[in-house]
Amino acid sequence: MRNETRTPLVRRASRGLLTVFAVLLSSEAAASQNLCPSQSRGRPPSADARVAFRAFRESLRNVTIPAGIRHNVFLFRFLEAKNFDVDRAVKMFRAHLEWREKWRPEYLRDEWKLPEVLEKYGVVGFIGYDVEGSPVMLADEGAMDTKGILASIEKDDYLRWFIKELESNRQKLRILQDDWKNGDRKDDDWDDADRKDGGRKDGAWEDPKSQLAIIFEFKGVPASYLLSSRVLDVMLRLVQMHDGNYPGLFKRIYVLNMPPFFAAILGMVKPILRQGTLDKVVCLGAREQYAPVLTRVIPKEVLPKYWGGTRVDENGDPKCSAVIGKGGKVPRSYYRYPQTMADEEDEESENEKDEESEKKEKDEESEKKEKDEESEKEKNEESEKKEKDEEREENEKDEESEKEKNEESEAEE
C-alpha cells in the first residue's frame, strides 16, 4: 500500500500548480471577450470598448502616471483585464500604482544589483526579436537550480529579479522606441484616443510591437520541483504579480518539453478556460516538435542552435549561455536558508523511502506471484508427466498382454 505521508505533499503540489496555471492563463482571459474580439490582430477596439476607455481615462485624469505606462495601449489592457468594467479597472490600476511605489520597477531595472547567486546561476534573458518585432525572452528552467537559488536568497529578491527582467524587456518594445515615444503622439496627449484611428497613425491599438514572447524550457525539471513549498509559493506570487501588474504583456508563451506532471495539471485547467486564452500558451514536446514551430516565428539567426536556430554565443555554445546564463547546481556555500532546504530534503527523502518501500512491496508481491506461478507450473508438469507415465505403463501392459495372447494363440496352433 502507498504510505499515507506522501499524499498531502502530492495534494499540495497539485493544488499549487493548479492555482499557478489557472491564474497565469486567466490573466489573459479578457482578451477574448466580445467587446474587443479582434484586439490580438492589431485592429482598433469596438465602439463599446472605446466608450469604456474614454470613461476609464477620464477617471484617471488627475492621477500621475509614470511615462513608461502612460500610453493608451498599456492603459487599455487594465480595462480589458477587468472585462471593461471601468470601476474595477480603475481600482486595479490604482493598486498597480501602489505596487510600483513599493517595488520601484525602474530602480530595479536600472540600478538594483543582482545577488551573486542569481548572477551566476539564473538562466533567463533576451535573445532578440521575432518576425513580428516582439522581444523574445528565453528561460531554461531545466538548467536552473531553482530550489538552490531560493535557499540562497530571500523570496522577495527572486521577485525583484523577475521584475527586473520584465522591465528590461519592456524597454525593448519597439512601440516605446518609435512614434509612441518620439513621434506624433505625446505621452500625455489624452485627446487623440477619441480619433477614429484610436490615436495611432497606423490605426493599431494592439500590435506585436507592444507585447513580449517568452520560451520556457522544462527539459530536466525534476518532479521534486513540485514538492518544494518555497518554489511553489514563489511561482504563485510571480503569477499573481504578472496578473495584477502586467496584463496582456505576453502575446505568446511557448512551453517546451512539458513534463507529464505539468501537462496533467494544465489538462485540469483547460475546461474552465476560453479557447482564446489557451491559444496564447503553446505547449510543445521535444525538439522535433518545437523546432519547426519556433523557427517559423523567430529568425534562425536569433534562436539559439540548441532550440533549432543557427545562433551560438561567443564561446560556441549552442545554448548561448553567455546571453541567457549557464545555470547549474548551486553550491551549498551560498545557502542562507539551509533549514528550509533540509526540511524539504527530509520530505523528499521520506517520499523516496515511501517509494522504495512501495517498490519493494510490489517487487516482493511480483516475486511471490512468479514463485506461485512457477510452483503451479511445476505441479502441472509433474501431474502431466505422471499421467503420461501411467498412460505409457498402461499401454506397455496392454501391449505385453496382447503379445502374450498372440504367443499363446500361436502355441495352440
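Numbering (mature numbering (1 follows the signal peptide of the UniProt record, and there is no 0)) for the sequence shown: -32 to -1, 1 to 381.
Note that beta-carbon positions come from the ideal geometry of N, C-alpha and C, so glycine has one too.
Rounded straight-line distance, which links the Cα of residue j to that of residue i
| i | j | result |
| --- | --- | --- |
| residue 18 | residue 114 | 43 angstroms |
| residue 290 | residue 65 | 35 angstroms |
| residue 293 | residue 44 | 34 angstroms |
| residue 28 | residue 59 | 10 angstroms |
| residue 94 | residue 270 | 10 angstroms |
| residue 364 | residue 340 | 35 angstroms |
| residue 112 | residue 197 | 17 angstroms |
| residue 382 | residue 32 | Any property of residue 382 remains undetermined from this structure, which presents the chain solely from -32 to 381. |
| residue 71 | residue 80 | 11 angstroms |
| residue 379 | residue 366 | 20 angstroms |
| residue 258 | residue 275 | 8 angstroms |
| residue 368 | residue 331 | 54 angstroms |
| residue 207 | residue 200 | 11 angstroms |
| residue 83 | residue 336 | 56 angstroms |
| residue 375 | residue 352 | 34 angstroms |
| residue 362 | residue 371 | 14 angstroms |
| residue 144 | residue 61 | 20 angstroms |
| residue 50 | residue 123 | 29 angstroms |
| residue -4 | residue 138 | Residue placement at residue -4 is poorly supported in this model, since its pLDDT is 44, which falls under 50; the coordinates are not used for a value here. |
| residue 4 | residue 176 | Its pLDDT being 38, under 50, residue 4 is placed unreliably by the model, and the measurement read from it follows with that caveat. Going from the Cα of residue 4 to the Cα of residue 176 covers about 16 angstroms. |
| residue 359 | residue 377 | 27 angstroms |
| residue 333 | residue 354 | 31 angstroms |
| residue 73 | residue 195 | 30 angstroms |
| residue 141 | residue 119 | 33 angstroms |
| residue 263 | residue 256 | 12 angstroms |
| residue 38 | residue 129 | 24 angstroms |
| residue 210 | residue 327 | 41 angstroms |
CB contact flag (residue i, residue j, <8 angstroms)
| i | j | result |
| --- | --- | --- |
| residue 250 | residue 223 | yes |
| residue 41 | residue 178 | yes |
| residue 121 | residue 300 | no |
| residue 295 | residue 187 | no |
| residue 89 | residue 131 | no |
| residue 214 | residue 134 | yes |
| residue 99 | residue 261 | no |
| residue 217 | residue 252 | no |
| residue 185 | residue 285 | no |
| residue 54 | residue 23 | yes |
| residue 277 | residue 63 | no |
| residue 227 | residue 189 | yes |
| residue 97 | residue 91 | no |
| residue 52 | residue 20 | yes |
| residue 254 | residue 225 | yes |
N- and C-terminal bounds of the alpha helix (DSSP H) containing residue i
| i | result |
| --- | --- |
| residue 108 | Run containing residue 108: none in the alpha helix (DSSP H); it sits in the beta strand (DSSP E), 103 to 108. |
| residue 66 | 54 to 71 |
| residue 180 | Where residue 180 is concerned, there is no enclosing alpha helix (DSSP H), although the beta strand (DSSP E) it sits in stretches over 180 to 185. |
| residue 115 | 114 to 118 |
| residue 212 | 197 to 213 |
| residue 95 | Unbroken run through residue 95 is the beta strand (DSSP E), 92 to 97; no alpha helix (DSSP H). |
| residue 250 | From DSSP, residue 250 is part of no alpha helix (DSSP H) but of the beta strand (DSSP E) over 249 to 251. |
| residue 40 | 40 to 49 |
| residue 263 | 255 to 265 |
| residue 382 | The structure shown does not extend to residue 382, since the chain spans only -32 to 381, so no value can be given for it. |
heavy atom of the ligand SAM below 7 angstroms from residue i C-beta
| i | result |
| --- | --- |
| residue 278 | The ligand SAM is absent from the structure shown, which contains no ligands of any kind. |
Anticipated Cβ contact below 8 angstroms, residue i with residue j, distance rounded
| i | j | result |
| --- | --- | --- |
| residue 288 | residue 280 | 7 angstroms |
| residue 34 | residue 56 | The pair is not a contact, with the Cβ atoms about 21 angstroms apart (cut-off 8 angstroms). |
| residue 219 | residue 102 | 6 angstroms |
| residue 106 | residue 183 | 5 angstroms |
Range covered by the beta strand (DSSP E) that runs through residue i
| i | result |
| --- | --- |
| residue 219 | 218 to 224 |
| residue 121 | Where residue 121 is concerned, there is no enclosing beta strand (DSSP E), given that its DSSP letter is neither H nor E. |
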